[in-house]
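Peer 1: In our numbering, the protein residues as written are 8 to 230.
Built from N, CA and C at the ideal position, the CB exists for glycine as well.
Note that this is a predicted model, so its numbers are computed, not measured.
Have a look at the structure that comes next, please.
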Amino acid sequence: MIYFTKLWIVVRKRKTMIKNEILNLSHTESHTNLLGPGDRFAIWVHGCCFHCEGCLAVNTRFGKYKEVNVSDLAHEINNSGCDGITISGGEPFLQAEALAALVKQVKNERDIGVIIYSGFTIEELRDKKECAELLGLTDILIDGRYIKELDDGRPYIGSSNQKLHYLTDRYKEIGKDYYAAPRRRAEIKFNADSVTLIGVPSANVLQIWQEIKSKNGGSDDDF
Ligand code: SF4
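Right, here's the structure in full:
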């Protein structure tokens, strides 16, 4: 019985270790300034627990994804030279422990700013013990579900219920100008085998995006 208990503890520890070392990832882009101030490394994690009508990130919920080693991704971020990380998805806080491990590894090498887009509200996140560490490493949180009827065209934010929280002073000054931009900015990027929409799009860009999708068969696996 004792042997069995000890074995269970060892197995459990190993599972936790693996869970924190592997991240389910949809996509990354280095050197963008469409998802926060500065030169950013953007990460879209895979998987979401919400079902927002009009979600533009359907591919991060149902499309292809890869399992990446946190240390490998931390190395890639540090080698990119970007001065900030923006994490979106999907729902980042469903992988809060692995993301906290990633951010800590990056910060071990150098000082870097962290912005997270989450479908959870800050109050919901503060109620979740497993989210505390990642939240503590975050400089800006943009929170709340996307509500199509409340999409008011505000730059960098999907709908008016979503709020931008400065959790540290890091971006407070630069953020005033950045988030007061007069209009939305987004980029449609053509890669060898996929097309990516980066940023929160205006109605015009969204229409172009929908046309590109329908011309290419509309599979969310490819976007
Ligand atoms: S929280 Fe974001 S990724 Fe999840 S369904 Fe809503 S809009 Fe889509």
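Quick one: using the 10 Å Cβ neighbour count with 16 as the cut-off for buried, is residue 210 buried or exposed?
Peer 2: Classification for residue 210: exposed.
Peer 1: Does the distance between the C-beta of residue 67 and the nearest non-hydrogen atom of ligand 1 fall short of 8 Å?
Peer 2: Checking every heavy atom of ligand 1 against the Cβ of residue 67, one is found closer than 8 Å.
Peer 1: Excluding sequence positions up to five away, which residues of its chain have a Cβ less than 7 Å from the Cβ of residue 190?
Peer 2: Cβ within range, chain order: 162 and 209.
Peer 1: Please indicate yes or no: does the CB of residue 98 lie closer than 8 Å to some heavy atom of ligand 1?
Peer 2: Within the cutoff, so yes.
Peer 1: Is the CB-CB distance between residue 202 and residue 219 below 9 Å?
Peer 2: For residue 202 and residue 219, yes; Cβs fall inside 9 Å.
Peer 1: May I ask you to report which of helix, strand or coil DSSP gives residue 207?
Peer 2: Three-state result, residue 207: coil.
Peer 1: List in chain order: all unbroken alpha helix (DSSP H) runs of 4+ residues lying wholly within the stretch 82 to 154.
Peer 2: Counting only runs of 4 or more, we get 103 to 116, 129 to 133 and 139 to 143.
Peer 1: Give me every residue whose Cβ sits closer than 5 Å to any heavy atom of ligand 1, in chain order.
Peer 2: In chain order, the qualifying residues are 55, 57, 59, 62, 64, 126 and 153.
Peer 1: Given residue 213, which residues of its chain have a CB within under 7 Å of its CB, disregarding the five upstream and five downstream residues?
Peer 2: Around residue 213: no qualifying Cβ.
Peer 1: Excluding the five sequence neighbours on either side, which residues of its own chain have a C-beta within less than 7 Å of the C-beta of residue 61, listed in chain order?
Peer 2: Counting only Cβ-Cβ distances below 7 Å, and skipping sequence neighbours, we find 153 and 155.
Peer 1: Just curious, the alpha helix (DSSP H) that residue 47 is in, first and last residue?
Peer 2: Not the alpha helix (DSSP H): residue 47 falls in the beta strand (DSSP E), residues 47 to 52.
Peer 1: Can you look up residue 216 in the DSSP assignment and give me helix, strand or coil?
Peer 2: Correct three-state label for residue 216: helix.
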